[in-house]
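Mapping of the sequence shown onto the working numbering: position 183 corresponds to residue 183, and the numbering continues sequentially without gaps.
Everything below concerns the one structure shown next.
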Amino acid sequence: MFGLSSTLNSTMYTSSSSKQEGYTSVATHEPCALVYDHKLEEGGNRGFDQFMLAILVFMLGSCVVYAVTDSIMYRNDQILEHDFMLDKVACSLNVSTMQIKGNWNITMRVNNRSYMAKVTKDFLYENSVIMILYKNSIISATTLPGFYQRINNTKIIDATFASTPTLISNEYVSAAMLSRWKSKLPMFVNVKILGWVKYFPREGWSQKYRMSISCWDVKLEFHPTTKDTAILSGRGSQKCEVNIY
């Protein structure tokens, strides 16, 4: 009994002492403050912007790939549609210093193979120019009349060049031709056609397209008994490069 009273008195004394000394402990509940972090918002916006940028880059890349692929397929279609084969080159030549005179005759086969492409077409070839070049110098040229060609059709073209003398201003070219002609060595020439072509894809004529036909490194061999005849070497028909643009 005495011990309990003593303990209570001690406790009361301690509490009163605490109050007197200003150390009274009071439990308080402070409200939770909401802190708005701008960095979190900036980070979220940055991630969204990067995501949208990635989508945009992917879409642009897909468009570029599609355009390139479609262009390649279109060009391949044009090459398949226009099939030019060089069958024969015959001429009688008379070569002298700085001048060449020749009766050239060229036979070509033109095939309309548009049935192998995406859209079948008829072709209208306008008047064009056909040239014979030796070491990138024109040694003879003439015009080709235009013609109309239907689908899956083969056309034979004969080009006869006038026998007017051609002045060769390049001394190196004229000397090389004269040497080949005198020694009966094979001579390589290029046959080139420049012109225009139109398509007829069922809905009316298309616009005109430039056409470039190149038959590279056509080997001419002079006749063994004469110096004035050259023919296409016995390799059969030669396929020519076709460019439509």
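We put the beta carbon where it would ideally sit given N, CA and C, even for glycine.
Inter-residue CB distance, residue i and residue j (contact presumed, cutoff 8 angstroms)
i: Asp122; j: Gln149; result: 7 angstroms
i: Trp104; j: Phe161; result: 4 angstroms
i: Leu124; j: Val197; result: 7 angstroms
i: Ser206; j: Leu86; result: With 8 angstroms as the limit, Ser206 and Leu86 do not qualify as a contact, their Cβ atoms being about 27 angstroms apart.
i: Tyr199; j: Tyr245; result: Not confirmed; about 14 angstroms, so no contact.
i: Lys155; j: Val110; result: 4 angstroms
i: Asn112; j: Ile151; result: 6 angstroms
Alpha-carbon spacing of residue i relative to residue j, whole angstroms
i: Gly195; j: Met108; result: 15 angstroms
i: Lys184; j: Met177; result: 10 angstroms
i: Thr69; j: Met59; result: Any reading at Thr69 is ruled out, since the residue's pLDDT is 49, under 50, leaving its predicted position unreliable.
i: Gly102; j: Thr164; result: 7 angstroms
i: Val173; j: Ser214; result: 20 angstroms
i: Lys219; j: Ile157; result: 20 angstroms
i: Lys239; j: Ser114; result: 17 angstroms
i: Phe51; j: Gly61; result: 15 angstroms
i: Asn190; j: Val57; result: 46 angstroms
i: Asp217; j: Glu171; result: 21 angstroms
i: His82; j: Arg180; result: 34 angstroms
i: Met211; j: Gly146; result: 13 angstroms
i: Tyr134; j: His223; result: 19 angstroms
i: Lys182; j: Thr166; result: 18 angstroms
i: Asp49; j: Lys192; result: 55 angstroms
i: Leu93; j: Pro186; result: 13 angstroms
i: Cys91; j: Ala141; result: 13 angstroms
i: Cys63; j: Phe84; result: 34 angstroms
i: Ala159; j: Glu221; result: 19 angstroms
i: Val95; j: Ala175; result: 10 angstroms
Residue i, DSSP secondary structure in three states
i: Gln50; result: helix
i: Ala162; result: coil
i: Glu221; result: strand
i: Tyr245; result: coil
i: Met187; result: strand
i: Ser237; result: coil
i: Ile151; result: coil
i: Arg109; result: strand
i: Ile157; result: strand
i: Gly61; result: helix
i: Ile213; result: strand
i: Ile193; result: strand
i: Lys208; result: coil
i: Lys121; result: coil
i: Leu167; result: strand
8 angstroms Cβ cutoff met for residue i and residue j
i: Ile143; j: Asn153; result: Checking the displayed sequence, the identity of residue 143 turns out to be Thr instead of Ile. Not closer than 8 angstroms, so no.
i: Ser137; j: Ile168; result: yes
i: Ile132; j: Ile139; result: yes
Beta bridge counterpart(s) of residue i as assigned by DSSP
i: Gly102; result: Leu93
i: Glu141; result: First, the amino acid is wrong: residue 141 is Ala here, not Glu. Ala141 pairs with Met131.
i: Leu86; result: Met108, Gln238
i: Lys198; result: Leu124
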